[in-house]
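Report on one structure; see the data block that follows.
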Amino acid sequence: MPTSAPTMPAARAGSRTPGSRWLQTEAGKGWVTISPPLIYALLLLIGPIIVIVANSFWSQDYLTIDRSFTLENYKAALTEPIYRDLLFRSLFVSVTVAFVTVILAYPVAWFVSFRGGRYKGLWLFIITVPFWSGYLLRILSWKVILGYKGVLNETLLYLGVIAEPLSSLIYNVNAAIITLAHSWAAFAILPLFVSLEKLDRSLLEAAADLGDGPVRRFLRITLPLTAPGIIAALMIVMIPTVGDYVTPKLVGGKDGVMIANAIQVQFGKASNWPLGAALAVSTMVIVTMVAGAIVLLIAGLKRLVK
Amino acid sequence: MRPGALSRRLLAAYVIVYVAILYFPVLLLPVFSFNDSATPKLPLVGFTTKWYASLAGNEAMHGAAWNSLIVGVSAALLSTVLGICAARAMTRHRFRGMAAASSVIMAPLILPEIIIAISLLVVLLGLGVQLSLLTVILGHLLICVPYSVTVLVSGFEGFDPSMEEASRDLGETGFGTLRRVTLPMLAPSIVSSLLVTFTISLDEFILAFFLSGTEPTLPVYIWGQLRFAAKLPNVLALGSILIAASLLMLTAAELFRRRAERKMELRP
Amino acid sequence: MTETMTHPSLKADIAPAAATRPMIEIRNVDKVFGNFRALDTLNASIREGEFFSLLGPSGCGKTTLLRMIGGFDEPTSGEILIGGQDMAGKPPNLRPTNMVFQSYAIFPHLNVSENIAYGLKRLKLGRSEEEKRVKEALAQVELSNLGPRMGNQLSGGQRQRVALARALVMRPKVLLLDEPLSALDKNLREQMQVELRHLQRQIGITFVLVTHDQYEALSMSDRIAVMFSGQIAQIAEPKEIYQNPATRKVADFLGGMNFLTASELAVDGRQFRATLPGIGAITGHLSGKEITDPASAIIGIRPERLRIVWEGETADHIVTARVVDRNYYGEMTSLMVAIDGQAEEISVVETNDFGADDIPVGSVIRITYDRDAFIIMQG
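Chains as they are written, first to last, in our numbering: chain A, 15 to 320; chain B, 5 to 272; chain C, 373 to 751.
Written out as structure tokens, the structure is:
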């Protein structure tokens, strides 16, 4: 029986085409499974971003788009004082917000990870919930808090700290920074918490065993080993905030206008798509460069504390 | 006092203050929404529910709520389906290019929404597509999928791949395995993903603002009302309802997520 | 596609045949993952009704081979036949095999009875037949009162039994077991070894077991295939594997072996002769194996085949040795001794009945050996 049944590998291989054979491999199955969301993201995200990049090299004359290559939009975006200032201000705001958020969030993430015990999940839930609810309303709320007749001024007046309402609380860059930092605080906790959770606790015990006190342990073990989480948290705050639109509009006032507002104007009222596209692309390129610089900076700092 | 005990207490106090500040602005508006005054300011003058009552007859608001519901349900369902595909590929298959593919899918998590919004807007208008609820759904799908993936990846990671192999081994087909093992095991994660993505869609403003055309969602409607100072109390009431709804759904999502964890957990 | 031939409903209808007929044939099977050759031209034939073990260190390819038999992986080349049928391209649900997974893979959302009935549901047996089979399976693994317990409320040993019942209720031709006992603690593991062996004898189907535990393989199997880095080093019965390992690696993997320095070594027909410095001239049998390269062959002896010659005793072959180390194991003591002319220290295992545990390190003792205890192995 075993030897009498001749097997024909050639015939067997022929019955399956190379394509269907590939679908049976690990890579084939993986690509097939991931393709619906991947194709969706390629068509509706990557494709449109390429179109925007292309647009930024075109020009617009009233309603018609001229598709000949030009760098005029970038020249305008990077040299005209109004756009240049907006770009710098947006960058300044997003970098500041990122660092403020991460510095304020780190102790909380540490607390949840090291002292959270059984309630880690609950803590994390409580801290992240505000991030998900009432985006517009939270910003509006800061307007109510920081306004001339707002909650903060009224409280300070009531307590006698100030004699008349402060007008410097709202409609400036600081108000935008405070509001954005509050918006993103909860989100920054997540990558920090994840990297702290991954930290092998026996490394800290080993450091203690070798004579390091709590502060040195933190500086020599915890901080360097959670650097990836710190970087991730900085990025996850910095990159989205650079393009925030609502906060500058509601609490930023004239001095707090950011690049997103200018971009919106070009795609709305002013209707100069190519210029808007160039502003958007410039913002992304510059923020990516700043992000790269921050990563390098942190890598350098890490080498310093050994 | 033991050395270190002081710093422990300081840290605990810091965390409590941090969480309080996190919640203060979120809970402040609901307080004003019950205040019997046309402007949100201290001191509070008296309790009223009239701002809520006046919402009842507001046709435009009802339309916006209906629109939000359609967008939210569609985005939640579709992004969860796409999320299942992505999460499955990421946890069950190892292949070249997977990291690149998943970073494309997860990119909306970190991109400024305005970039996503204008890119989509330019392409859709270029293709001659009318802005409608459908275009909002398309946009929301992009930003919801990454969250869906995050929730579902932990769902997939929580259950042993040999469960599915065991099902095949016991004679079940691929589809039967999906129906009898994979989906029941993932059910809590799927519910959690639906609730989280619905909440995100319900709350999302920028994409809806750019892509909604003449049919506003609730946040777009609220944005429109902000121009009228007299409407502010109504906006606060509506916003408070939205926050309450979000909190409820997120709590439910968290409970389902925990149930998923418990389900996977094996008693020793 | 000859789907009807291997439909699970027919798994039950296998007539018992001569115990020597091959149930599984593995012919020139290769498995390549990228640049890594996980399995290298494997050939093996597993008999009907046999308890067959794949033994080897982790990463040797034993699990990969088992998964290929079950249909969870396809060979890169070569073929696997079960019951004379080529299994190429057949998914696990169309193979006459069932598996007990290392993690047991008990469905946590189903109770014990539902877990066991999982595969039966597809056979559409009818409610009463299904219930009867589940009941029988529960009884078979002694879990009759646990039917309603949920899958995630079971202990390790109970999960192992459910996994076993769930696979056996399908009445497969072959039961595949992927390290089924490795998650259990020592006492339970030993008890389950005995039970598994009994069960296999009782049902009479082929069991293929993957394990890295040599005692488990030796105590349970009819035959063992020892694997190293994707290749089968030896297939033989447990006693043969232990007493007459084919290669130095096999000998090492299956417990302690003393490798001896030989000044002269010759293979002559089925015999070998050697001169061992400090020990003397010895002879031995090749037994069932071939020594393809006598130049690299090596002579060895198991530590328990060396005995201490106590004061007042005599023996035919006496070797003097100096004790360099002593390790106490309760009922036994292992002595490491140095013999002039032998490059490596030699281990002697002796029961403590005569006071082996009191022999001081540094003392000189006399040892002897059984004439037929020397083994020749491929280096």
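We put the beta carbon where it would ideally sit given N, CA and C, even for glycine. Everything numeric in this text was worked out from a predicted model, so none of it was measured.
If I measure Cβ to Cβ from E588(C) and keep anything under 7 Å in the same chain, skipping five residues before and after, which residues do I get?
L553, Q565
Burial state of K504(C), where buried means 16 or more other Cβ atoms lie within 10 Å
exposed
Assign G28(A) to buried or exposed, taking buried as 16 or more other Cβ atoms, counted over all protein chains shown, within 10 Å of its Cβ.
Here the model assigns G28(A) a pLDDT of 39, short of 50, so the residue's position is not dependable, and the following value carries that caveat. Exposed, since its Cβ has fewer than 16 Cβ neighbours within 10 Å.
Using a cut-off of 7 Å between C-beta atoms, extract the partners of A50(A) located in chain B.
According to the sequence provided, residue 50(A) is Pro. The question's Ala does not apply to it. Neighbours of P50(A) on chain B, chain order: L86, C89.
Note the first and the last residue of the continuous beta strand (DSSP E) segment covering G652(C).
652-657
Y162(A): buried (16+ other C-beta within 10 angstroms of its C-beta) or exposed?
exposed
Taking the alpha carbon of S209(A) as the reference point, which residue from L52(A), L237(A), R129(A) has its own alpha carbon closest?
L237(A)
Which residues does DSSP pair with K403(C) in a beta bridge?
L411(C)
I need the straight-line Cα distance from F139(A) to A112(A), nearest angstrom please.
21 Å
Are the CB atoms of T435(C) and D550(C) nearer to each other than 8 Å?
yes
Confirm the yes/no value for this check: CB of D594(C), any heavy atom of the ligand HEM, distance under 7 Å.
In the structure shown, the ligand HEM is absent, as is every other ligand, since no ligand is present at all.
Nearest candidate by alpha-carbon position, reference L113(B), set M252(A), L239(A), L224(A), M303(A):
M252(A)
List, in chain order, every chain B residue whose beta-carbon is nearer than 8 Å to that of N559(C).
Here the premise fails: no neighbours, minimum Cβ distance about 16 Å.
My parser needs the alpha helix (DSSP H) runs of 4 or more residues fully inside the segment 134-180 of chain B; what are they?
137-161, 165-173
Given a cut-off of 8 Å, decide if P262(A) and N275(A) are closer than it, judged by their beta-carbon atoms.
yes
According to DSSP, T297(A) sits in a beta bridge with which residue or residues?
In DSSP, T297(A) forms no bridge with anything.
Express the C-alpha separation of A509(C) and L547(C) in angstroms, rounding to a whole number.
15 Å
Cα-Cα, which of I20(B), P44(B), V23(B) is closest to P237(B)?
P44(B)
Which same chain residues end up closer than 6 Å to P771(C) when comparing Cβ atoms and leaving out the 5 residues on each side of it in sequence?
Lying outside 373 to 751, the shown extent of chain C, residue 771(C) is not represented and no answer is given.
With 16 other Cβ atoms within 10 Å as the buried cut-off, status of N465(C):
buried
Anything in chain B within Cβ reach of S475(C), meaning under 8 Å, just list it in chain order.
D164, S166
Any beta carbon from chain A within less than 8 Å of V21(B)'s own beta carbon?
no
Taking beta-carbon pairs under 8 Å, can you tell me which members of the segment 98-116 of chain B lie near chain A?
R98, F99, R100, G101, M102, A105, S106, V108, I109, A111, P112, L113, I114, L115, P116
Measuring only the C-alpha atoms, how far is A42(B) from A234(B)?
7 Å
Compare the C-beta of W198(A) against all C-beta atoms of chain B and say whether one is closer than 8 Å.
no
Going by the beta-carbon positions, is the gap between T633(C) and Q532(C) smaller than 8 Å?
no
Would you decide whether E169(B) is buried or exposed? Buried here means 16 or more other CB atoms lie within 10 Å of its CB.
buried
Just list the residues that DSSP pairs Y225(B) with in beta bridges.
Y225(B) pairs with nothing; no bridge assigned.
Between H689(C) and chain B, is any beta-carbon pair separated by less than 8 Å?
no
Same chain, Cβ closer than 7 Å to A19(A), neighbours up to 5 away in sequence not counted
With a pLDDT of 40 at A19(A), under the threshold of 50, the modelled position of this residue cannot be trusted; read the value that follows with caution. Excluding sequence neighbours, A19(A) sits near nothing in its chain.
Quick check: the Cα distance between L222(B) and V279(A), rounded to an integer number of angstroms?
23 Å
Mind checking who D697(C) pairs with in its DSSP beta bridge?
M708(C)
Assign V35(B) to buried or exposed, taking buried as 16 or more other Cβ atoms, counted over all protein chains shown, within 10 Å of its Cβ.
exposed
Reduced DSSP category for M522(C) - H, G, I as helix; E, B as strand; rest coil
strand
Using a cut-off of 8 Å between C-beta atoms, extract the partners of F36(B) located in chain A.
V158
Kindly indicate if chain B contains any beta-carbon less than 8 Å away from that of P429(C).
no
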